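Comments concern the structure below.
There are 6 protein chains.
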Amino acid sequence: MQLHQASWPEIEAYLERSKGIVIPIGSTEQHGPNGLLGTDAICPEVIAKHAGDEAGFLVGPTFNVGCAQHHLGFPGTITLRPTTMIAALNDWIESLVRCGFQRIYFLNGHGGNIATIDAAFAESYANWSLDGEACPYRLKQANWFTLPGMMELCRSIFPEGEGSHATASEVSVTYYAYPDAAKDVAMEPKIAPSGGFADAADYRARFPDGRIGSDPSQATAEKGERIVKAAAAKLIEDVEVFFAR
Amino acid sequence: MQLHQASWPEIEAYLERSKGIVIPIGSTEQHGPNGLLGTDAICPEVIAKHAGDEAGFLVGPTFNVGCAQHHLGFPGTITLRPTTMIAALNDWIESLVRCGFQRIYFLNGHGGNIATIDAAFAESYANWSLDGEACPYRLKQANWFTLPGMMELCRSIFPEGEGSHATASEVSVTYYAYPDAAKDVAMEPKIAPSGGFADAADYRARFPDGRIGSDPSQATAEKGERIVKAAAAKLIEDVEVFFAR
Amino acid sequence: MQLHQASWPEIEAYLERSKGIVIPIGSTEQHGPNGLLGTDAICPEVIAKHAGDEAGFLVGPTFNVGCAQHHLGFPGTITLRPTTMIAALNDWIESLVRCGFQRIYFLNGHGGNIATIDAAFAESYANWSLDGEACPYRLKQANWFTLPGMMELCRSIFPEGEGSHATASEVSVTYYAYPDAAKDVAMEPKIAPSGGFADAADYRARFPDGRIGSDPSQATAEKGERIVKAAAAKLIEDVEVFFAR
Amino acid sequence: MQLHQASWPEIEAYLERSKGIVIPIGSTEQHGPNGLLGTDAICPEVIAKHAGDEAGFLVGPTFNVGCAQHHLGFPGTITLRPTTMIAALNDWIESLVRCGFQRIYFLNGHGGNIATIDAAFAESYANWSLDGEACPYRLKQANWFTLPGMMELCRSIFPEGEGSHATASEVSVTYYAYPDAAKDVAMEPKIAPSGGFADAADYRARFPDGRIGSDPSQATAEKGERIVKAAAAKLIEDVEVFFAR
Amino acid sequence: MQLHQASWPEIEAYLERSKGIVIPIGSTEQHGPNGLLGTDAICPEVIAKHAGDEAGFLVGPTFNVGCAQHHLGFPGTITLRPTTMIAALNDWIESLVRCGFQRIYFLNGHGGNIATIDAAFAESYANWSLDGEACPYRLKQANWFTLPGMMELCRSIFPEGEGSHATASEVSVTYYAYPDAAKDVAMEPKIAPSGGFADAADYRARFPDGRIGSDPSQATAEKGERIVKAAAAKLIEDVEVFFAR
Amino acid sequence: MQLHQASWPEIEAYLERSKGIVIPIGSTEQHGPNGLLGTDAICPEVIAKHAGDEAGFLVGPTFNVGCAQHHLGFPGTITLRPTTMIAALNDWIESLVRCGFQRIYFLNGHGGNIATIDAAFAESYANWSLDGEACPYRLKQANWFTLPGMMELCRSIFPEGEGSHATASEVSVTYYAYPDAAKDVAMEPKIAPSGGFADAADYRARFPDGRIGSDPSQATAEKGERIVKAAAAKLIEDVEVFFAR
Ligand code: NI
Ligand code: NI
Ligand code: NI
Ligand code: NI
Ligand code: NI
Ligand code: NI
């Protein structure tokens, strides 16, 4: 069940049986020569939809632009400042709590969001902690790619060149979601360099085509499907534990 | 061409021939007994995609949660505070300008966003005006439902009960976009009451099922298709003028 | 009755009979070769005073600097950023509500303020809507120049060159308010160009002497008086409806 | 010369001979049983106008709502939060500097504003200091009632009951400015209690009618005139030194 | 008793007998050729510790970076923007109040902090005043160097060259606190110039080695000890009055 | 070398040979029945001082209050909201960069700070990335307790009951720093429960005396000394690599 395709009476009925919701959260940022700019939003969106359809939980709208300042050296990237993202997440959380939700699970697709989502949660809880009142809701984030067993699965599918940005796996997932958007691009070098980075200029200097440690030319829709299904299964388990807490 | 399905080299190539982009912007809010919570985001998204595919301009990611405080009396609604939305829009604008875009056209699907988008534009321009430097980019917003001829068209398709919120037209557009999400719900009264509102409690008291002045039980995917095509044609004209300015 | 000339016991007594107040709100910005920088604040101030004196309602202090970034190419202009204005308006509103007011009517003199005032209202209501409590007060804005019949009146007094910025009407109103400040300046061209604008540099390039579409050399104190009296009468009607709601 | 009654070409001409401006800054807050709510804004406004007319310097619009949280126990009081006031002052300063002003002198009428104005100045300078660039403008604040000799003068006119809030002097100045607004109210006790305060509830408990240490029933327009003229003379001296620095 | 060396059960026990706490607050900024960058934090810290140990009141952690934009022309200086400091102070205050404290006394070591601390207090009280509720706590700030009799004592110890920044007294206090950090530097000129300043560039131009009006080469740990003991005695008196209020 | 005990000419000289600085950063929060409220600030402070003294690098003032909302159920805890902490960190960073530093290494003592420090770094870099300029400085954070080999060392010293909050190791480090502050308290149960938490009420319910998984009654100053020396050695290695980058 997807919130954006539901009516409010349908949500009202859902809230009778569950107070939980899953929000896909990602980024709009370069993903190398053959990766989609929307990769990090598309992956959690498609995985959450799969899982929600199967397990019957509600999936909210996708938070599709996140913290991507380091990718701004590549056109098409859009970023929020971390403080803007904290404000936006808190408005989403307040709204959902106002509607009756008490368990909000953010399924994240972008490593660069993790810290800011955590800070946003602390900002949210701090209002209750400073007021001396018990907070009636719980917040959780998890990356689809670090759900139990997922890293192992991805590395087994792509023994070489899975990488850490514009990974073979995430590109596969997007090709599964949008087969027509698959792009056939030769990679040079085959496997991109690895390492850390600071701002956008530093990133572009270190990773000239945007990839980190990956060879996403291996990506296929078929492999993406396999990954989506495995991740959806793991997500269902994790969500059920969280909603029941 | 849709940014979230493009790679950065494709955007780089696009920027060689155009500095313009269209951003669908909407809201996630109740749309009456048979309308989708995502209606105001879905409508500009589908119209912009249609137009962009035909005319070859770039469509960015959808800004899918806007100013909807007055709908919070109905579950499923999510709002940004206006100041949060101004901050977020300015981060999007700064990012797109940094990438090389100079004409940013927001195709809006929600009346409650108009003022805040305008304020966000003034906030953006103010930085340049206070610095005493000429701003190198231009911003524009337009509602899909007030593009030239659209109001007339919608009222000709729905001579009675088009209304002003959860309109027969916008629900039709979403049914065209997501036929499986169409909902068959009887409306009582047939045509909802009209009028103004203040906060969420006031809104719910005046408009108990969320509609204003509309009878969206008339909505069909076929009518939605007609509206989308007409709006896309008008959008293309408007975008071309704006990009050429 | 004007708040700034009243004592607190007088306001306490007023609140016994009415919970309503009118706040003139304008801008400090260039108004062409013969217009006063304070025009947009002076006009609602003098109209509100007239009306308040006649009808016995309370007029608060004038919010005299607004959103005028586009006029910063002309010396003497002062602007608030929209987000600053939203913060300031919310502090005014909270204060007035704290004092017991429940109907706050902003009589606006500046087109550039409209969006930001609307956004400020949504910001104010959002606090209640997100808390799930009914907001006990109501906010309204209206431009003096769009009160019922005013546009027609102004265009009948100035059939040519009324314009849309530094209008013949608004300059007349200020000459009525401050006869000694009337300035005799020849206009070249007689009627200024019309059109849209973005930032301050863009504005100054399009409208070199600051006027848009107007010939304010026609302005006189006598015509101003006529306009003030007509606007005050319309304001009284509108305020009474709003206070009674 | 008053900015709000001048045209932009007049300001342009003024800037040829001076880069200085005086901004009256006050508050809208209770001033006891017979004092005007606008007292703290009216006093610097009338003194600055007097001085500006005589000495030929420019007086800007009045910043008429300041930091008055402690007076909110009395109806008619309006406050800005200190952080809002800092933001607003910085927008005013940026605008004036953008226009060409380099010496901005705030003539203050309210003790409760002093700290926040100082903090706003530090906020403004900090931008330059952190950038490592020399700030091209200078900011100054002075209270009209602490200009050289003014305290002595006021206490010589009112040997008893001058006080520190709703003072006999400031009420006199407003009666001189608005003779029709003079109010004849018996004071009980004749001289109000003195002391410190924290928030609005604390203030109202300590000072039940709003006065601190004063007997403003002694106020007359004639005494007000004497005070205005003396303060204007001192202001001229101070402003000339500041503008020449 | 120092909070940072206490356990939470010890604080819980302390709160049984007192609701008061003293917070040393200073700055990290240049203090001339032989003064420590931490001077303004160290002085209130050591005085508060002395006093707290003797009188048994609780001393909180030191707020060690304050408003020092004007010193940024000298390396080692760190500043907060005033609005940042207001936010931080309000978080400290909210936390302490949440823990049960009702009297928070800031012992300040830096003149440049005074205005911003005052503004922060007004920001804190404003929340209660605007809500119409009585604030249950009280806030106070005092500079160690203006406690009763301290200015006289310091000027009697250093009849010449006490000065107003990098004073002989404050440098003495830090040498008493950290004898090994005492620095033997010749001053040229012996007594530094005096006067005002604006931003960092202005400050450095007027006061090339950072001192204002002082000759801190007279500083000794012995004199520092005398000052600390005198200030601690005065602090105890002031704190006891404040806690008892 | 410690910045707060240095003079500005000493920092100027230091900058001739190094552009790097280490900032200890912690929290003021409950640390169980025998742990100091300042533990998380004291630990990085003492380790950084040790290392800086040995290796000759500069140690800045300690950022002593961090993100501790979850500990507010225990008196003595002070928190910043994450957004406040981001603002404060950015002011510190801007100041240090303005002074000439180009490598800023935050040695952290509190797990709850990690996300917010990361977000603050992204906020800082974003300004450069959005401007399209290369950021001239680099930021790094590291926890003293996760420096290479430290976790192993701590668990070898305390094979049972090291825990994850109010750990035996961190309490030992503070006892080494402040032997007089060592507290002899029996723990019940011997080893505290483990698990996650949300807000302050949730934390206190799960961990009634504040500890998580630890038995800090094993803490001794001697063990603390061993830990400090080991951590200092590892810190020197890590700092040298970072400064040289
Ligand atoms: Ni990715
Ligand atoms: Ni709609
Ligand atoms: Ni106007
Ligand atoms: Ni006053
Ligand atoms: Ni000092
Ligand atoms: Ni700890």
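Note that the protein sequences, when read in sequence, are chains A, B, C, D, E and F. As numbered in our numbering, residues 1 to 245 make up the first sequence, in order. As numbered in our numbering, residues 1 to 245 make up the second sequence, in order. As numbered in our numbering, residues 1 to 245 make up the third sequence, in order. As numbered in our numbering, residues 1 to 245 make up the fourth sequence, in order. As numbered in our numbering, residues 1 to 245 make up the fifth sequence, in order. As numbered in our numbering, residues 1 to 245 make up the sixth sequence, in order. Backbone N, C-alpha and C fix where the C-beta goes; we use that ideal spot for every residue, glycine too. Bear in mind the structure is a predicted one, so any value in this text is a computation, not a measurement.
Item, Value
"Consider the C-beta atom of residue 162 (chain D) and the heavy atoms of ligand 4; say whether any pair is separated by less than 7 Å.", "no"
"Can you tell me whether residue 39 (chain D) is buried or exposed, with buried defined as 16 or more other CB within 10 angstroms of its CB?", "buried"
"Extract the residue ranges of the beta strand (DSSP E) inside the stretch 122 to 189 of chain D, only unbroken runs of 3 or more that lie entirely within it.", "138 to 143"
"Residue 144 (chain D) CB to nearest chain C CB: under 8 Å?", "no"
"Nearest-angstrom Cα distance between residue 105 (chain A) and residue 20 (chain A)?", "8 Å"
"I'd like to know if residue 110 (chain E) contacts chain D, where contact means its C-beta is closer than 8 Å to some C-beta of that chain.", "no"
"Please name the residue, chosen from B:78, B:147, B:98 and B:144, that lies closest to residue 136 (chain B) on a Cα-to-Cα basis.", "B:98"
"At a CB-CB cut-off below 7 Å, which residues of chain A make contact with residue 94 (chain E)?", "130"
"Would you say residue 10 (chain A) touches ligand 4, meaning its beta carbon is less than 7 Å from a heavy atom?", "no"
"The alpha helix (DSSP H) with residue 196 (chain D) in it runs from where to where?", "Here residue 196 (chain D) belongs to no alpha helix (DSSP H), and DSSP marks it neither H nor E."
"For residue 86 (chain E), which residues in the same chain have their Cβ closer than 7 Å to its Cβ, ignoring the five residues on either side in sequence?", "116, 119, 120 and 123"
"Closer than 7 Å: is that where the CB of residue 170 (chain B) sits relative to any heavy atom of ligand 2?", "yes"
"By how many angstroms is the C-alpha of residue 42 (chain F) removed from the C-alpha of residue 177 (chain F)?", "8 Å"
"Over the uninterrupted alpha helix (DSSP H) stretch that includes residue 24 (chain F), give me the two end residues.", "Run containing residue 24 (chain F): none in the alpha helix (DSSP H); it sits in the beta strand (DSSP E), 20 to 25."
"Helix, strand or coil: which one does DSSP assign to residue 211 (chain D)?", "coil"
"Taking DSSP's pairing of strands, which residues face residue 2 (chain B) in a bridge?", "B:59"
"What is the DSSP secondary structure of residue 74 (chain C), reduced to helix, strand or coil?", "coil"
"Is residue 39 (chain D) helix, strand or coil by DSSP?", "helix"
"For residue 191 (chain C), which of helix, strand or coil comes out of DSSP?", "coil"
"Whose C-beta lies closer than 7 Å to the C-beta of residue 15 (chain D) among residues of the same chain, with five residues either side of it excluded?", "100"
"Taking all protein chains shown into account, do 16 or more other C-beta atoms lie within 10 angstroms of the C-beta of residue 83 (chain F), making it buried, or fewer, making it exposed?", "buried"
"Does the Cβ-Cβ distance between residue 227 (chain E) and residue 172 (chain E) come in under 8 Å?", "yes"
"Is residue 246 (chain E) near ligand 5, with its Cβ less than 7 Å from a heavy atom?", "Because chain E spans 1 through 245 in this model, residue 246 (chain E) falls outside it and cannot be assessed."
"Just the Cα atoms here: how many angstroms apart are residue 208 (chain C) and residue 108 (chain B)?", "32 Å"
"In the DSSP assignment, find the unbroken beta strand (DSSP E) run with residue 81 (chain B) in it and report its ends.", "Counting along the chain, residue 81 (chain B) falls outside any beta strand (DSSP E), and DSSP gives it neither H nor E."
"Less than 8 Å between CB atoms is the rule here; does residue 155 (chain E) satisfy it with respect to chain A?", "no"
"If you draw a straight line from the alpha carbon of residue 60 (chain C) to that of residue 66 (chain C), how long is it in whole angstroms?", "16 Å"
"Show which residues of chain C have a CB atom less than 7 Å away from the CB atom of residue 254 (chain D).", "With chain D running from 1 to 245 in the structure shown, residue 254 (chain D) is simply not present."
"Using a Cβ-Cβ distance cut-off of 8 Å, determine whether residue 118 (chain D) contacts chain E.", "yes"
"Residue 23 (chain E) versus chain D: which residues are under 8 Å apart at the beta carbon?", "Those do not exist, as residue 23 (chain E) stays about 17 Å from chain D at its closest Cβ, beyond 8 Å."
"Would the stretch 231 to 240 of chain E count as touching the stretch 174 to 189 of chain E if we require 3 or more Cβ pairs under 8 Å?", "no"
"Can you give the Cα-Cα distance for residue 6 (chain F) and residue 242 (chain E), rounded to whole angstroms?", "35 Å"
"Under 8 Å, CB to CB, which of the residues in the stretch 48 to 70 of chain C have a partner in chain B?", "67, 69 and 70"
"From the beta carbon of residue 9 (chain C), is the nearest beta carbon of chain D less than 8 Å away?", "yes"
"Give the secondary structure of residue 220 (chain C) by DSSP, where H, G and I count as helix, E and B as strand, and everything else as coil.", "coil"
"Beta-carbon of residue 81 (chain B) versus every beta-carbon of chain F: anything under 8 Å?", "no"
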